[in-house]
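Reviewing the structure listed below.
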Amino acid sequence: MEMEQLVEEILRLKEERNAIIMAHNYQLPEVQDIADFLGDSLELARKAVNVDADVIVFAGVDFMAETAKILNPEKTVLLPAGRATCAMANMLRVEHILRAKERYPGAPVVLYVNTTAETKAYADITVTSANAVRIVSKLDSDTVIFGPDKNLASYVARETGKKVIPVPEHGHCYVHRKFTLEDVERAGKLYPNAKLMVHPECTPEVQERADIIVSTGGMIRHAPEWNEWVVFTEREMVYRLSKLYPSIKFHPAREDATCIGMKAITLKHLYESLRDMKYRVEVPGEIASKARKAIERMLELS
Ligand code: 13P
Ligand code: SF4
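When you line the sequence shown up against the numbering used here, it's residues 40 to 341, in that order.
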């Protein structure tokens, strides 16, 4: 099927199913263009609370679709491609959390939303890169167990002055770990007028050279403050920003910063997902109700 026909069919099926397409900022341009709502992890979780549709088609990775399902147990949530997963979320296992709790009794467990529903069930509260600093600083404890991103953990430690125990020890995002000081130097030579916007999943060395350290939603909010940026996050963010602000220049810090899980979803997958009502996201009841408490606590505090 041609692209135009796929778009037509998706729009027709969306109406027929009373569905809404929610998409993360890293999705392919054509998927971003057809989405009803685009956002960062926090915005997507917030939006999921009051979606007025029977079906949510989630163009993102599995933990995001699970979060939508946890917040909407009565709705059908579809993840259009089975391979749409977050490599970093899969690094954290329940054993890591239990071991840390034994070593640091009483320390709250703060989990990045980039985690499986199973591990979220062990969290006192979840956070996203948009609210992690604010939430950890509000917690009534000087030590927190934090997972799975070690770089976000060290950012939170620096910003809050608290002791942040990373679980697992070396959790990271392979996309953001690609950025190095060489990329910073190259950006400085190629675009001397540009400022650097950096995601907190990048390494501390790269963060140190940033003009702003923000979530993808924060990048959108702060972009109008300057006329040229080098963007240190997944490359599709440049499409999102350039479409929103055609008069501002955005350069990807690396062309190869691509999240395979995010790119697993194409228009064809969206069409097949709506046509066949697949793949349905299910979260077992007990896990969902524990994880929901941690997510709702985050939404209350942020
Ligand atoms: P944001 O919440 O900033 O969109 O980040 C999600 C993510 O997966 C970053 O890699
Ligand atoms: Fe996960 Fe990294 Fe992809 Fe974000 S970019 S979804 S953290 S693997």
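Ideal Cβ positions, reconstructed from N, Cα and C, are used throughout, including at glycine.
Just so you know, these numbers come straight off a predicted model, no measurement behind them.
Close Cβ partners of residue i (< 7 Å) along its chain, the five nearest in sequence each way excluded
i    : result
S286 : none
E82  : G256
A24  : In the structure displayed, the chain extends from 40 to 341; residue 24 sits before or after that span and is not available.
S312 : V96, L117 and P119
N57  : A92, D93 and V94
P205 : F185, G186, K189 and A192
S176 : T199
Given residue i as reference, the closest of the options once Cα atoms are compared
i    : options                   : result
A327 : E105, M40 and A292        : E105
E335 : Y143, A107, G256 and N64  : A107
V94  : L117, N153 and F76        : L117
K234 : I251, Q246, E240 and T242 : I251
L150 : I164, Y143, A139 and Y284 : I164
T199 : E224, M258, N170 and G324 : N170
T115 : C125, I259, R138 and A87  : A87
D79  : V320, M301 and I204       : M301
E325 : I109, N153 and D75        : I109
R331 : R85, E69, M42 and E54     : R85
C241 : E224, S193 and P323       : S193
V322 : M258, E113 and Y143       : E113
A74  : T305, E339, Y318 and L338 : T305
A303 : R122, N111 and E54        : R122
R216 : M127, N111, M103 and V320 : M127
P231 : H290, L283 and R260       : H290
Beta-bridge partners of residue i, as assigned by DSSP
i    : result
R319 : L117
W268 : K234 and F289
Y151 : V166
K6   : With the chain represented from 40 up to 341, any question about residue 6 goes unanswered, as that position is not in the structure.
A98  : A62
F76  : M61
I252 : V237
Closer than 7 Å to chain D by CB, residue i
i    : result
A330 : Any reference to chain D falls outside this structure, which holds one protein chain only.
8 Å contact criterion, which residue i and residue j should meet: CB distance rounded
i    : j    : result
H238 : S168 : 7 Å
A92  : A62  : With a Cβ gap of about 14 Å, A92 and A62 do not count as contacting.
L220 : I60  : Contact flag wrong, Cβ pair sits at about 38 Å.
Q44  : Y278 : At roughly 23 Å, the Cβ-Cβ gap does not stay under 8 Å, so Q44 and Y278 are not in contact.
C125 : V166 : The Cβ separation is near 15 Å, so there is no contact.
P144 : E275 : At roughly 42 Å, the Cβ-Cβ gap does not stay under 8 Å, so P144 and E275 are not in contact.
L229 : M258 : About 19 Å; that fails the 8 Å criterion.
Contact set for residue i: own chain, Cβ-Cβ below 8 Å, skip 5 residues either direction
i    : result
K329 : K159, A160 and Y161
P147 : D163, I164, L178, S180, V183 and I184
E244 : T219 and L220
V172 : Y194, V195, E198 and T199
K202 : D181, T182, V183 and A196
Check: residue i C-beta below 6 Å from any heavy atom of the ligand SAM
i    : result
M127 : By its list of ligands, the structure shown excludes the ligand SAM, since it contains just the ligand 13P and the ligand SF4.
Cut-off 6 Å between Cβ atoms - residues of its own chain near residue i, not counting five sequence neighbours on either side
i    : result
E273 : Y65, V214, A296 and C298
K288 : E267
F76  : M61 and K86
R248 : V223
Between the region 46–54 and the region 249–268, do at least 3 Cβ pairs fall closer than 8 Å?
No, the region 46–54 is not in contact with the region 249–268.
Just checking, does the region 206–218 make contact with the region 168–188 on the three C-beta pairs under 8 Å criterion?
When Cβ pairs closer than 8 Å are counted between the two stretches, the region 206–218 is seen to touch the region 168–188, the count reaching three or more.
When you compare the region 150–166 with the region 132–141, are there three or more beta-carbon pairs, one atom per stretch, that lie closer than 8 Å?
Using a Cβ-Cβ distance cut-off of 8 Å, the region 150–166 and the region 132–141 are in contact, since at least three pairs of beta carbons, one from each stretch, lie closer than that value.
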